[in-house]
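Chemist: In mature numbering (1 follows the signal peptide of the UniProt record, and there is no 0), the protein residues as written are -23 to -1, 1 to 167.
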Ligand SMILES: [Ca+2]
Ligand SMILES: [Ca+2]
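So, in structure tokens, the structure goes:
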């Protein structure tokens, strides 16, 4: 009886979380640049298509997903976000920052656009990140026409409003433990 109840509680929890996750990936919807670059700024939106911009030194390009959409961590060491670059002869570095509210940005890491298959794989779980709603890429190559950006891809799309915060996850885990303890007590009393 206890196992059955615990299982149904776990199933209810997994349904709650999976309900807000979409199977299809999401791509950048909005973009803004605070400096100079080469190319059409809209070429960084949507799926990767080998259309790209070359970001000039010190220019920050901020790309956001559609309203209330987020790229989610999948809980494994698999990639959760892909920065699609373009392979031009000159490798350039960029500082990459992320936001969970499109207001405050935090450093993720420094990445180069010289990559195998023009792909930078980012695993949120490695960085302890739950979800992101936008990404800011600042060229630090020291040269004009630096980092070549094609697209941003969130592999596990989700509803930003329904992403459980770590504190609510903890509360749910505690509630589950309390239910299990209660059931234990009851089964001992029988
Ligand atoms: Ca992951
Ligand atoms: Ca593109």
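For every residue, glycine included, the Cβ atom is placed at its ideal position computed from N, Cα and C.
State the CB to CB distance for the pair residue 70 and residue 97, rounded to an integer number of angstroms; the pair is presumed to be in contact (CB under 8 Å).
Modeler: Position 93 of the chain shown holds residue 70. Position 120 of the chain shown holds residue 97. With a Cβ gap of about 11 Å, residue 70 and residue 97 do not count as contacting.
Chemist: Cα separation between residue 161 and residue 154?
Modeler: Along the chain shown, read from residue 1 onward, the residue named residue 161 stands at position 184. Along the chain shown, read from residue 1 onward, the residue named residue 154 stands at position 177. Here the alpha carbon of residue 161 sits roughly 10 Å from the alpha carbon of residue 154.
Chemist: Taking contact to mean 3 or more Cβ pairs, one atom from each stretch, closer than 8 Å, check whether the region 73 to 89 and the region 9 to 22 are in contact.
Modeler: no
Chemist: Please classify residue 1: is it buried, with 16 or more other beta-carbons within 10 angstroms of its beta-carbon, or exposed?
Modeler: Translated into the one-based positions of the chain shown, residue 1 becomes position 24. Under this definition residue 1 is an exposed residue.
Chemist: Could you check whether residue 35 and residue 120 sit closer than 8 Å to each other, using their CB atoms as the reference points?
Modeler: Position 143 of the chain shown holds residue 120. Position 58 of the chain shown holds residue 35. No, they are not a contact pair.
Chemist: Between which two residues does the beta strand (DSSP E) carrying residue 78 extend?
Modeler: Start at 1 with the first residue of the chain shown, and residue 78 comes out as number 101. Looking at the DSSP string, residue 78 is not in any beta strand (DSSP E), and its letter there is neither H nor E.
Chemist: Suppose you measure from the CA of residue 62 to the CA of residue 27; what does that come to, to the nearest Å?
Modeler: Translated into the one-based positions of the chain shown, residue 62 becomes position 85. Translated into the one-based positions of the chain shown, residue 27 becomes position 50. Roughly 8 Å between the two C-alpha positions.
Chemist: So what's residue 58 in DSSP terms, helix, strand or just coil?
Modeler: Working through the chain shown from its first residue, we reach residue 58 at position 81. Here residue 58 sits in strand by DSSP.
Chemist: For residue 165, count neighbouring C-beta atoms within 10 Å of its own C-beta (all shown protein chains included) and say buried if the count is 16 or more, exposed if not.
Modeler: Within the chain shown, the letter at position 188 stands for residue 165. Classification for residue 165: exposed.
Chemist: Alpha carbon to alpha carbon, how far is residue -6 from residue 74?
Modeler: Within the chain shown, the letter at position 18 stands for residue -6. Within the chain shown, the letter at position 97 stands for residue 74. Its pLDDT being 48, under 50, residue -6 is placed unreliably in this model, and the coordinates cannot settle the point.
Chemist: Tell me the DSSP secondary structure of residue 15 in three-state form.
Modeler: Translated into positions along the chain shown, residue 15 becomes position 38. DSSP places residue 15 in strand when its eight states are reduced to three.
Chemist: Can you tell which of 31, 158, 117, 131 has its C-alpha closest to the C-alpha of residue 100?
Modeler: Mapped onto the chain shown, residue 100 falls at position 123. Comparing Cα-Cα distances from residue 100 to each of 31, 158, 117, 131, the minimum goes to 131.
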